[in-house]
Amino acid sequence: MTSNDPGEVLPSTPVPGVGTPASSSLTPDATFPAEAAPPGRRRAHLLVSLVGAGLPPATLFLTGLALSGGAEQGPGWGWLLLAVLLGVSVLAQACFAYCSSLGNLVAGLVALVAQVLVLVAPDGVGSLPYGWARQVLPSGALLVLAAWFLGGSWAMRLARRAGRAEARAQAALAQADEDPGSVPEPPPSRRGAHLFTLFLMLAVTWGVLRVLPGQYRLLVEPQAPGSANAVLVAGCFALLLVAAAASAWSSLGARATALTLGVLALPALGGDGVPGHQLLALALPGLSPVVAVALACVLGALGWGLHLARKQGRTHAGVDLDAGWP
Numbered sequence: 001m002t003s004n005d006p007g008e009v010l011p012s013t014p015v016p017g018v019g020t021p022a023s024s025s026l027t028p029d030a031t032f033p034a035e036a037a038p039p040g041r042r043r044a045h046l047l048v049s050l051v052g053a054g055l056p057p058a059t060l061f062l063t064g065l066a067l068s069g070g071a072e073q074g075p076g077w078g079w080l081l082l083a084v085l086l087g088v089s090v091l092a093q094a095c096f097a098y099c100s101s102l103g104n105l106v107a108g109l110v111a112l113v114a115q116v117l118v119l120v121a122p123d124g125v126g127s128l129p130y131g132w133a134r135q136v137l138p139s140g141a142l143l144v145l146a147a148w149f150l151g152g153s154w155a156m157r158l159a160r161r162a163g164r165a166e167a168r169a170q171a172a173l174a175q176a177d178e179d180p181g182s183v184p185e186p187p188p189s190r191r192g193a194h195l196f197t198l199f200l201m202l203a204v205t206w207g208v209l210r211v212l213p214g215q216y217r218l219l220v221e222p223q224a225p226g227s228a229n230a231v232l233v234a235g236c237f238a239l240l241l242v243a244a245a246a247s248a249w250s251s252l253g254a255r256a257t258a259l260t261l262g263v264l265a266l267p268a269l270g271g272d273g274v275p276g277h278q279l280l281a282l283a284l285p286g287l288s289p290v291v292a293v294a295l296a297c298v299l300g301a302l303g304w305g306l307h308l309a310r311k312q313g314r315t316h317a318g319v320d321l322d323a324g325w326p
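The sequence shown stops at residue 326 when you use the UniProt record's numbering, and every number in between is there.
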């Protein structure tokens, strides 16, 4: 016999197609499956840290071998080592661009620590047990690498963010273009950024590489006659750091400067019989052609890495927008 008491609470029976099952309701305490969680970046950070820690020693080692072994093994030996340096630099910067800009930060810190150790050594570069190190370090290449890697790490981070912003702006522009009642605004021109970074990197690199080698040699070789201007050396480091960081707006400056440096140095590296071999001595007196080509390889690879980082940011932002993520 059924009861018709209005105060009695009857159990609710779920009706198919009506209401929302309790198992599918989203509450603040609801948990998502592990597959929905974004992948961790610990492995990527570890990988680029290892690559970054080995990049400055590898760069100096290959450059020093090209300097010390060029006279004994012939010019082909130096060309081969510099080609290997270019390949190593490009692969490292591509890894940093696609994985994490932490690699450039680690590389810059390693180069900076090595620079401090050289400065505090009693005999400077004379305390080093390796001949290739005594060949390359007085040129100031270690200080230049530290500035470029540290500034490049920040530039790569900003370039990746700028790429994501460009992808979002492009998506908004495409959506506004489909609306017949709106007039989409064109994307902002990057011509000013290209020209600014081109002028800044060319001017800073030329000025620093013209002044730094002589002053830096006095700083790391205590037995050399004369006194070094430590403030001038520190100013050169700061200028290189700022110029590399400014490459976040455009990588054209870094790539064009590397190309210019290579064009000046390659004829001098080929010997006195090559037309234009005197251009490097006129533009950058006191800088070895081997060191100039090595720096061009590093800077060109860094500029290419910044370009890849911006492109990677656009690609990832496009994937996120297609998936409906903000």
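All residues carry an ideal CB built from backbone N, CA and C; glycine is no exception.
For PRO56 and SER139, believed in contact at Cβ under 8 Å, the rounded distance
Here residue 139 refers to the residue found at position 139 of the sequence shown. Here residue 56 refers to the residue found at position 56 of the sequence shown. The Cβ separation is near 14 Å, so there is no contact.
Exposed or buried, which one is PHE199 when buried takes at least 16 other CB atoms within 10 Å?
Reading the sequence shown from its first residue, position 199 is the one you call residue 199. With fewer than 16 Cβ atoms within 10 Å of its Cβ, PHE199 is classed as exposed.
Simplified DSSP state of PRO33, which is helix, strand or coil:
Along the sequence shown, read from residue 1 onward, the residue named residue 33 stands at position 33. With a pLDDT of 46 at PRO33, under the threshold of 50, the modelled position of that residue is not reliable, and the figure given next carries that caveat. Three-state DSSP puts PRO33 in coil, outside helix and strand.
Option nearest TRP154 by Cα separation, candidates LEU112, GLY103 and VAL118:
Position 154 of the sequence shown holds residue 154. If we check each option's Cα against that of TRP154, GLY103 comes out closest.
Alpha carbon to alpha carbon, how far is LEU218 from ARG164? Give it in angstroms, no decimals.
Within the sequence shown, numbered from 1, the residue matching residue 164 stands at position 164. Within the sequence shown, numbered from 1, the residue matching residue 218 stands at position 218. Distance between the alpha carbons of ARG164 and LEU218: 46 Å.
Below 8 Å, how does it come out for the stretch 266-276 and the stretch 238-258: are there three or more Cβ pairs, yes or no?
no
For TRP148, collect the residues of the same chain with a Cβ closer than 7 Å to its Cβ; drop the 5 residues on either side in sequence, then sort them by chain order.
For the purposes of this step, residue 148 is taken as residue 148 along the sequence shown, with counting starting at 1. Cβ within range, chain order: LEU240, ALA244, VAL298, LEU299 and LEU302.
For LEU80, which option in VAL290, LEU308, LYS311 and GLN312 has the closest C-alpha, if you only look at C-alpha atoms?
Here the question's residue 80 lines up with position 80 in the sequence shown. It is VAL290.
Within 8 Å of any Cβ in chain B, is that where the Cβ of LEU60 sits?
Among the protein chains of the structure shown there is no chain B, as only one such chain exists.
Cβ-based neighbour list, SER288, same chain, cut-off 7 Å, excluding 5 preceding and 5 following
Within the sequence shown, numbered from 1, the residue matching residue 288 stands at position 288. Excluding positions up to five away in sequence, the list reads LEU67 and SER139.
Rounded Cβ spacing between GLY253 and THR197 (contact assumed at less than 8 Å)
On the sequence shown, position 253 is the one that residue 253 refers to. On the sequence shown, position 197 is the one that residue 197 refers to. Correct: roughly 3 Å between the Cβ atoms.
Quick one: complete alpha helix (DSSP H) runs, 4+ long, within the stretch 126-190?
131-136 and 141-178
Which residue from ALA97, ARG134, GLN115 and LEU143 puts its Cα closest to that of LEU158?
Residue mapping note: residue 158 aligns to position 158 of the sequence shown, counting from 1. Among ALA97, ARG134, GLN115 and LEU143, the Cα nearest to that of LEU158 is on ALA97.
Given this structure, state the Cα-to-Cα distance separating ALA228 from PRO186, to the nearest angstrom.
Here residue 228 corresponds to residue number 228 of the sequence shown, with the count starting at 1. Here residue 186 corresponds to residue number 186 of the sequence shown, with the count starting at 1. Computed Cα separation, rounded: 53 Å.
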